[in-house]
Amino acid sequence: MEISSKENTQFFSNVILPVDRSSFKSESSASKEKQSCCGGIKIFLGALSFVYFAKALSGSYLKSTITQIERRFDIPSSLVGVIDGSFEIGNLLIIILVSYFGAKLHRPRIIGAGCLIMSAGTFLIAMPQFFMGRYRYERFPSTINSTVSISPCLQDKSQTPLSALEKSQAKINAGCEKEGGSSMWIYVLLGNLLRGIGETPIQPLGITYIDDYAIEENAALYIGCVQTVAIIGPIFGFLLGSLCAKLYVDVGFVDLDSVTITHKDVQWVGAWWLGYLIAGVISVLAGIPFWFLPKHLPKPESRKDSSTSSEQSKFIIEDNKDQHKSYQQQVKIAEMAKDFLPSLKNLFGNPVYILYLCASIIQFNSLIGMVTYKPKYIEQQYGQTSSKTNFVIGLINIPAVAFGIFSGGLIMKKFRINVLGAAKLSLGSSFFGYLLLLSLFAMGCENSDVAGLTVSYHGTKRMTDYEQALFSECNSGCTCSKNDWDPICGENGVTYISACLAGCQASNGSGKNTVFFNCSCVGTLESPSGSSSAVVGPCQKGNECPKMFLYFLVISVITSYTLSVGGTPGYILLLRCIKPHLKSFALGIYTLAIRVLAGIPAPVYFGVAIDTTCLKWGSKRCGGRGACRLYDSSALRYVYLGLTLVLGTVSIFFSVAVLWVLRKRSSPQDETLSANGERGACGTKSRKDNFVNSDHLIQTTYWPEKETRL
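If you use this note's numbering, the sequence shown closes out at 710, no skipped numbers anywhere.
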């Protein structure tokens with residue numbers, strides 16, 4: 001296209017064309033065709049942008065509700081990781097079929113069908129809320145609105161009114177009868193699985209549709225617009241998560257005045273289901289336009305004579321004779337299947353593609369695990385609420401990712417970076433990003449002082465067997481359970497697991513305003529008289545923690561930006577070193593590998609690792625381990641950040657290998673082109689000759705669920 005453009009310029013500069021009606025007629029018809037082409041592709045562009053927004057919103061909202069789901073269904077982090085990974089399993093089921101056969105079928109309608117399936121899955125996730133009983137949290141009877149005053153330290157059960165004990169036992173029995181409701185998390189898993197199936201055709205079919213029918217110099221700009229609009233989705237997703245986290249889970253079903261916990265309590269569960277209903281409606285609306293779009297659009301004049309872009313022709317040395325065959329002709333499924341294995345062999349025979357694929361798989365293991373549990377890390381490490389955590393991620397981290405992706409394309413355009421330079425930029429981005437992440441080890445908070453877990457009742461550090469340390473001389477006369485989690489904050493700044501274990505003899509008030517008096521264990525540290533008091537809820541973290549949280553946010557934003565700068569260069573590297581007719585297939589295989597080897601296992605083994613740092617597990621009503629109530633802050637920091645950095649470091653070594661292969665292919669003969677201008681595969685001559693069309697660089701890379709990779 002560049003050569004023909006130059007020839008036209010020379011022709012018009014040396015020859016004076018006669019003006020006649022026929023020329024006007026040809027110009028008029030060409031103009032109409034161009035307008036028709038541009039009009040159709042822009043409608044598709046708008047519809048695809050809205051779909052990207054919808055899928056990014058629902059995906060990011062799921063990330064924001066991870067801790068809410070864990071508490072609502074009383075399940076460990078490892079099981080939540082399985083639920084999160086079910087989205088990738090859905091992609092795995094049909095990604096190859098969709099990316100290979102879908103490119104030859106009615107792509108817009110397949111995308112529309114995917115939107116309907118995605119919305120059905122989103123609605124299914126919210127369904128358990130309407131079939132389960134009301135949410136029950138652990139609370140001592142005296143903190144529930146009641147006119148009966150009960151001593152937390154039950155030295156003798158006879159002092160408790162019989163009716164209160166009977167009611168308490170009846171509630172436990174009723175809970176056991178409905179214990180089957182705890183398995184309702186399976187519907188969340190199945191719904192997320194459907195979301196993954198429905199989302200599958202959007203990226204490979206949508207992007208290739210634009211690339212096929214847009215003017216070559218505009219294709220990358222259009223793709224960049226789609227991905228940029230998609231960034232807005234996670235922002236709204238996390239902000240929606242922040243809003244819903246402030247609302248009580250059973251809002252509209254119970255009297256909110258009867259709720260005795262606040263959104264700062266570790267047992268608080270927000271209205272997690274509400275956001276899924278909103279996201280489902282948006283997905284339905286996003287899929288409607290695709291049912292009215294055509295299977296094919298008229299190709300621009302500039303692309304009718306060439307099936308290969310000028311940039312791709314520089315990097316592919318294989319014979320491209322087969323590319324001249326029209327893919328718009330009717331092809332039988334059997335004939336398409338015959339070409340499947342040769343195409344797969346051709347793709348895996350490309351060393352640059354394979355090495356970049358390995359680097360991406362390991363890097364996404366790092367990023368997916370980090371982002372999935374980032375809200376939990378912020379809540380547990382810095383004592384922040386779910387609402388504030390989601391608000392911070394949505395309003396600060398995600399815009400930094402968007403700006404980083406855009407900056408990567410802008411840098412490549414301004415400095416005219418070739419493919420070899422793109423590999424260097426991608427490597428440098430990863431290296432400095434993980435180097436910054438290393439500094440987060442020094443920006444953590446110490447464990448909260450919790451009697452019997454992190455400190456003893458005498459103020460010293462906790463013992464090895466913390467289960468035995470929960471009981472002390474100060475509460476030896478009380479009838480307490482070590483499985484309860486109803487924390488109170490003593491006036492000495494120490495958190496106690498329950499009022500009973502704190503040795504409290506009396507209480508005043510009800511609900512959130514309950515105050516406990518004569519707490520013998522609270523008095524052991526400061527006032528031996530035993531007249532100390534405590535209030536409902538855990539104590540706040542240390543005074544240094546808010547400052548550390550501020551430092552964490554600053555470094556996190558810079559790290560998000562730095563890692564995202566390498567996104568666009570990596571995408572250019574991926575697309576420019578494969579055959580053009582294998583683009584859709586290559587992207588499908590790339591996405592499949594990320595889903596299977598990173599998206600599915602990463603949340604699971606990150607969750608298992610995080611579970612090992614739990615200090616206090618909750619208990620289900622009929623026995624069995626529930627969700628974790630308290631984590632060891634130091635251990636959580638080292639496990640969470642350490643696992644992320646180890647995986648990131650391994651991915652950097654593969655990126656170095658990609659750069660080495662590209663350097664090896666940049667042979668000396670590529671630097672001195674022959675008269676006919678031939679060059680080697682993925683070779684590099686000079687900045688100018690290898691400069692990708694400027695519009696091709698203002699684009700973003702597709703990362704599976706990338707909008708939430710912070």
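Cβ atoms here follow ideal geometry from the backbone N, Cα and C, with glycine treated the same way.
Residue i versus residue j - alpha carbon distance
i	j	result
Gln323	Gly102	Unreliable placement is indicated for Gln323, whose pLDDT of 44 sits below 50; the coordinate value is still reported in the next sentence. Looking at the two C-alpha atoms, the distance is approximately 18 Å.
Thr613	Gly490	25 Å
Lys321	His581	In this predicted model, Lys321 has a pLDDT of only 44, less than 50, meaning its place in the structure is not dependable enough to derive any value.
Asn447	Val604	25 Å
Arg72	Arg416	52 Å
Pro294	Ile223	19 Å
Cys474	Asn508	21 Å
Pro601	Lys338	32 Å
Pro342	Asn350	13 Å
Ile197	Ile89	8 Å
Tyr213	Ile111	17 Å
Leu440	Lys547	13 Å
Ile202	Glu544	46 Å
Arg663	Gln227	30 Å
Arg625	Tyr561	39 Å
Leu124	Val284	14 Å
Gly607	Asp74	14 Å
Leu347	Ile578	7 Å
Pro128	Gly191	11 Å
Leu597	Leu48	27 Å
Ile43	Gln363	35 Å
Ile83	Trp185	8 Å
Gly428	Gly566	8 Å
Candidates the options: closest to residue i by CA position
i	options	result
Ala499	Val536, Glu491 and Thr208	Val536
Ser619	Pro108, Arg136, Ser564 and Gln540	Arg136
Val98	Gly567, Ile223 and Leu592	Leu592
Phe236	Gly477, Tyr61, Ala586 and Val515	Tyr61
Tyr442	Leu347, Ser556, Phe87 and Lys264	It should be pointed out that residue 442 corresponds to Ala in this sequence rather than to Tyr. Checking every option, the nearest Cα to that of Ala442 belongs to Ser556.
Ile288	Phe50, Val494 and Ile558	Phe50
Phe290	Tyr209, His458, Phe340 and Arg663	Tyr209
Ala359	Thr65, Thr649 and Ile66	Thr649
Val450	Met127, Leu438 and Pro487	Pro487
Pro108	Ile94, Gly46, Glu70 and Ala126	Gly46
Arg134	Gly275, Val259, Gly428 and Phe348	Val259
Ala113	Leu630, Leu194, Ala230 and Val515	Leu194
His296	Asp632, Leu205 and Gly233	Leu205
Ser119	Ala286, Trp273 and Lys616	Ala286
Asn492	Ser520, Ser386, Leu641 and Cys445	Ser520
Asn713	Ser666, Thr67 and Leu615	Because residue 713 is not part of the residues shown, which for the chain are 1 to 710, the question remains open.
Inter-residue CB distance, residue i and residue j (contact presumed, cutoff 8 Å)
i	j	result
Met412	Ala422	6 Å
Ala609	Leu643	6 Å
Ala657	Tyr353	About 12 Å separates the two Cβ atoms, so there is no contact after all.
Glu199	Lys55	5 Å
Asp211	Lys583	7 Å
Phe53	Ala230	6 Å
Ser183	Ser387	Contact doesn't hold; Cβ gap of about 28 Å is too wide.
For residue i, the first and last residue of its enclosing beta strand (DSSP E)
i	result
Pro261	The amino acid at residue 261 is misidentified as Pro; the sequence shows Ile. Premise fails: Ile261 is in no beta strand (DSSP E) and is neither H nor E.
Trp268	That residue, Trp268, is in no beta strand (DSSP E); it is neither H nor E in DSSP.
Gly490	Ile488 to Gly490
Phe516	Val515 to Cys519
Gln505	Cys504 to Asn508
Residues that residue i bridges to, as DSSP identifies them
i	result
Ile125	Per DSSP, none; premise fails for Ile125.
Ala586	According to DSSP, Ala586 bridges with nothing at all.
Lys616	Leu630
Tyr434	In the DSSP output, where bridge partners are listed per residue, Tyr434 has none listed.
Ala451	Val455
Val251	Val254
Thr716	Only positions 1 to 710 of the chain appear in the structure, and residue 716 is not among them; the question remains open.
Residue i - containing alpha helix (DSSP H), residue span
i	result
Val536	Looking at the DSSP string, Val536 is not in any alpha helix (DSSP H); the run it does join, the beta strand (DSSP E), is Ala534 to Val536.
Ser366	Pro351 to Thr372
Gly626	Premise fails: Gly626 lies in the beta strand (DSSP E), Arg625 to Tyr631, not in any alpha helix (DSSP H).
Ser560	Cys545 to Val565
Gln68	Ile66 to Arg72
Val392	Ser386 to Val392
Val604	Pro601 to Asp611
Asn346	Phe340 to Phe348
Ser183	First-last for Ser183: undefined, no H or E at that position.
Phe403	Ile398 to Lys414
Residue-level contact to chain C via CB, residue i, 8 Å cutoff
i	result
Pro351	Chain labels in this structure do not include chain C; a single protein chain is all it has.
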